[in-house]
Each structure stands twice: as structure tokens, then as C-alpha cells.
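Asker:
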Amino acid sequence: MPEGAGSQPLQEEPPSAARQVRLPLSRVKTLMKADPDVTLASQEAVLLTARATELFVETIAKDAYIYAQRGKRKTLQRKDLDNAIEAIDEFAFLEGTLD
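Numbering of the sequence shown is given in this note's numbering, commencing with residue 2 and proceeding in unit increments.
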């Protein structure tokens, strides 16, 4: 069946890659180049790093928000982040970084 025919709606083109991230790519590139091991950062690497960072922040924020809700709060506090880091194995590499 041809695309768009039948019950399948036509799919719009995805937005440009730069529009898929909210972090300023120039700032991400600057931070990447601050590492002495990084001499050159391609635009694709910067874009992927920015998107990965956004996904990471979203994930840890959602997990920390669960702890804020348990405390009957809507605002995240540092203790919520600490609780998420302690409770979730995937965040174990962050232990001690907020001290």
C-alpha cells in the first residue's frame, strides 16, 4: 500500500536536528572543548552530546520528583536528588558528586 494511503496518516518530516535539542549547542561545544583530551568536536558529536544530556537531566529530574511527591512537595530539593542517586543503581556513579 502506498505511503499515506488507507488508514495511515501522512507523516510530517521531522524537525531539523538542531531544533530537537533545547540546550545551546555553542555552549555544549565550549564545554566539550574545555576537556584537554578533546581537540575537535564535530557538529554531530555536539548535537548527540546535547541530546544525551537533556535525556539524562529529564530522567534524573523525574526520578527525584518522585521523592519530592513522597514528601508532599512539588518543588525539587537537593535531598530529592540525593535520594534518587542513592536509590537508583544507574545513578551510582554520581554518589558524592554533590558534596
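Glycine included, C-beta positions come from ideal geometry on N, C-alpha and C.
#1: Any contact of the region 29 to 46 with the region 73 to 82, i.e. 3+ C-beta pairs under 8 Å?
#2: If we ignore side chains and look at the alpha-carbon of each, how far apart do P3 and D38 end up?
#3: In three-state terms, what does DSSP make of D81?
#4: In the DSSP assignment, the alpha helix (DSSP H) including D64 goes from what residue to what residue?
#5: If we count the other Cβ atoms within 10 Å of its Cβ and call it buried at 16 or more, is G97 buried or exposed?
#6: With a threshold of 16 other CB atoms inside 10 Å of the CB of A35, please say whether the residue is buried or exposed.
Answerer: Once the coordinates are examined:
#1: no
#2: Confidence at P3 is low in this model, with a pLDDT of 49, below 50, so its placement is unreliable and the value that follows should be read with caution. So the alpha carbons of these two residues sit roughly 49 Å apart.
#3: helix
#4: 44 to 71
#5: exposed
#6: exposed
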